[in-house]
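Worksheet: one structure, shown below.
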Ligand code: SF4
Ligand code: SF4
Ligand code: SF4
Ligand code: SF4
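Protein chains in written order, with our numbering: chain A, 1 to 275; chain B, 1001 to 1397.
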């Protein structure tokens, strides 16, 4: 590689929040600009250099036939392709259309629905091209984004654990809102990365980072139901920014399960173990 | 400043009575000796462990109700400050912190710097309950008992001043008595206190376990403890033993787990287990960590950090080509088998002290004592069936 590696940032169907997270790295942005040649990043600068690029960050999902073509061109121009955020990695909140009729939506929302040319589904980038790394979150976490960029520059594996948000709660001594308040929390089935942001503010986890590595649908449904959610609420809990993530679709199909503390099925003499 | 092992003789010094008001003097005495006091305080709906600036931050009048997967603060009818069973943290958070820097390196300077800050922080651990005293003893064995002592733990542990509080208020999820870890405490502390909050006033019966403890105690206003108050304190602790909400079968746990590797019970528990890792994180003896190598954007500076890990993460058992324990079955089995069985092989004791944290703070309310009961039941049923079959075979002959 001669000279600084080139970086391109692309936008597909998205809210720009993940790109803003990159711009929000104020202190580090100069250091990034020092180390890489930001060749294409229209949110930050109108200057654009032609490809190929060493690294492409892709925000947004694929929702139009034109974008399905464009993502192939981006892939062809990029040595390494990293998706940033729930849209690019799981289809985003706009993947709710995957469970409904997009033409019906368009007819309600737009005065001239015939002007709209959209695919029936919103799909993640990986449904179209090979992706080297998917960074989760809605939006992505600043520290994690820097970690991925730094790791790419150093040629090492990024430290992005795939375990539950619960790990992060305990690592930063956040009191569990499910146990101490009975608040519905998606943390046990959600991919870490936010640093347990919501539980740290006494809110349940909303699942912004999508499914953790091995979610247990039944146990999580039991937990949510015991916290007062109806079966319909359980389904809706998964129908947000990561609605299109296959594991969340699986989870949304299981709306009931063993309540917390229900204990072993095969307990010899129940009732002699305290309360 | 703490005794290692159980052989340190108690220095002479009779128990004394310290009024609750005089806890302020204890804080001053500890602060004056350079200790940062860590103790219980109310935060975000639980009694947590935090650095305390004054005795006023202690959870006077607060208790906790615990159950499987459930914890609620509750107001007490008295002013007791230590009348609560285990919260979501243990002293592991202080002595074996969730994140610790192992070393850092600078390319330009060609220098590698080891460890934490030059001088490890000196903590006074205030309100260490007997189960947690035992847990610290286990961590001592795990982290400093081998050929290579863990430098982060050793630094913090060697500098620590331990104020134990005997247990007079066990919770519904407690079973330390059946693990032989409480509710009284005999050794390992600098000071040990038993709290009494009744019609006769809010006071502590305090004894020193080390010269350092006696030195601190000398700075705290106190009076000699008479027979009656000593008896009263002893009775409160004895009574606690009979009020534990749960119990663990005394013997044969190691063999039970070792013999249960193929038990059908793992399917049952895996249906309920979220593999969320909370049980290992709250357990006062779980010590597992992973390492993270981080670099800065310039590539000139690198650091290695140690971070709490858990046998519930896939990365934990990742070997070349994949993770060894992918199923929930195998991960729950690893946790309970290590705590109750293989810990004996590895460290010569149980890895469980009966604090009940893993029961209360498991969002799914999985209860280690119930899972043991289920495993034992299945083993006994299988044994009975085998005996019956053997008998029948004998009769046929
Ligand atoms: S608050 Fe939620 S994410 Fe945190 S430990 Fe509890 S269940 Fe897990
Ligand atoms: S296994 Fe559970 S009860 Fe035993 S020491 Fe650990 S957290 Fe406490
Ligand atoms: S139970 Fe798991 S996390 Fe705890 S010490 Fe054993 S292997 Fe480590
Ligand atoms: S036993 Fe409970 S706390 Fe432990 S991993 Fe399973 S669900 Fe989580």
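Note that the Cβ used here is the ideal one computed from N, Cα and C, for glycine as well. Small disclaimer: the values here were computed from a predicted structure and weren't measured.
Asked	Found
Near-chain A residues of the segment 1284-1306 of chain B (beta-carbon distance less than 9 Å), N- to C-terminal order	1290, 1292, 1293, 1294, 1295, 1296, 1297, 1298, 1299, 1302 and 1305
Given residue 1070/B as reference, the closest of 1149/B, 1392/B and 1367/B once Cα atoms are compared	1367/B
Distance cut 6 Å, beta-carbon to ligand 2 heavy atom: residue list by chain order	1282/B, 1283/B, 1284/B, 1285/B, 1339/B, 1352/B, 1353/B, 1354/B, 1355/B, 1356/B, 1357/B, 1358/B and 1368/B
Proximal residues of chain B, C-beta to C-beta of residue 32/A below 7 Å	1297
Among 1018/B, 1195/B, 1323/B and 1026/B, nearest to residue 1124/B - alpha-carbon criterion	1026/B
Beta carbon proximity, residue 275/A to chain B, threshold 8 Å	Note on residue 275/A: pLDDT 39, under 50, position unreliable in the model; the coordinate value appears next. Yes, its Cβ sits closer than 8 Å to a Cβ of chain B.
Cutoff 8 Å: residue 271/A Cβ touching any chain B Cβ	The pLDDT assigned to residue 271/A is 42, lower than 50, so where the model puts this residue is not dependable, and the model offers no usable value.
Bounding residues of the alpha helix (DSSP H) (the contiguous stretch that carries residue 1335/B)	1328-1337
Residue 1332/B CB to nearest heavy atom of ligand 4 below 7 Å	yes
Buried versus exposed call for residue 1299/B [16 or more other C-beta atoms within 10 Å across all chains shown]	exposed
Contacts of residue 1155/B in chain A (Cβ-Cβ under 7 Å)	Result: empty, since nearest Cβ-Cβ is about 20 Å, beyond 7 Å.
Residue 1205/B versus residue 194/A - alpha carbon distance	46 Å
Interface flag, residue 179/A vs chain B, CB-CB below 8 Å	yes
Cβ-based contacts, 9 Å cut-off: residues of the segment 256-268 of chain A near chain B	257, 258, 259, 260, 261, 262, 263, 264, 265, 266, 267 and 268
Contact residues within the segment 1363-1397 of chain B, judged by C-beta distance below 7 Å to chain A	1363, 1364, 1365, 1367, 1369, 1370, 1371, 1373, 1374, 1377 and 1378
Boundaries of the beta strand (DSSP E) in which residue 1112/B is found, first to last residue	1111-1114
Contact set between residue 1150/B and chain A, taken where Cβ atoms lie within less than 9 Å	Under the 9 Å cutoff, chain A gives no residues; its nearest Cβ is about 18 Å from residue 1150/B.
Nearest-angstrom Cα separation, counted from residue 1062/B out to residue 1081/B	7 Å
At least three beta-carbon pairs within less than 8 Å, the segment 1336-1343 of chain B to the segment 1210-1228 of chain B	no
Collapsed DSSP secondary structure at residue 67/A in the structure displayed	helix
Where residue 1151/B sits in the DSSP three-state scheme	helix
Any non-hydrogen atom of ligand 3 closer than 7 Å to residue 1288/B Cβ	yes
With 16 other Cβ atoms within 10 Å as the buried cut-off, status of residue 1346/B	exposed
Residue 160/A in three-state terms, based on DSSP	coil
Residue 1364/B and residue 1273/B closer than 8 Å at C-beta	yes
Own chain, CB closer than 7 Å to residue 1343/B, minus 5 neighbours either side, in chain order	1349, 1350 and 1351
Residue ranges of each beta strand (DSSP E) within the segment 1241-1308 of chain B, 3 or longer	1289-1295 and 1301-1308
Touch test, the segment 1150-1167 of chain B against the segment 1367-1380 of chain B, Cβ-Cβ under 8 Å, three pairs minimum	no
Reference residue 185/A; option with closest CA among 171/A, 202/A and 254/A	202/A
Closest residue to residue 240/A among 198/A, 93/A, 109/A and 13/A (Cα-Cα distance)	93/A
heavy atom of ligand 4 below 7 Å from residue 1363/B C-beta	yes
The segment 144-165 of chain A: positions lying closer than 8 Å to chain B by Cβ	146, 147, 149, 150, 151, 153, 154, 156, 159, 161, 162, 163 and 164
Nonlocal neighbours in the same chain, by C-beta distance under 7 Å from residue 102/A, ignoring five residues either side	118 and 120
Alpha carbon of residue 1294/B to alpha carbon of residue 153/A, nearest angstrom	12 Å
Test: residue 1232/B CB closer than 8 Å to a CB of chain E	Here the protein chains are A and B, and chain E is not one of them.
Residue span of the alpha helix (DSSP H) that contains residue 207/A, given as start and end	That residue, residue 207/A, is in no alpha helix (DSSP H); it is neither H nor E in DSSP.
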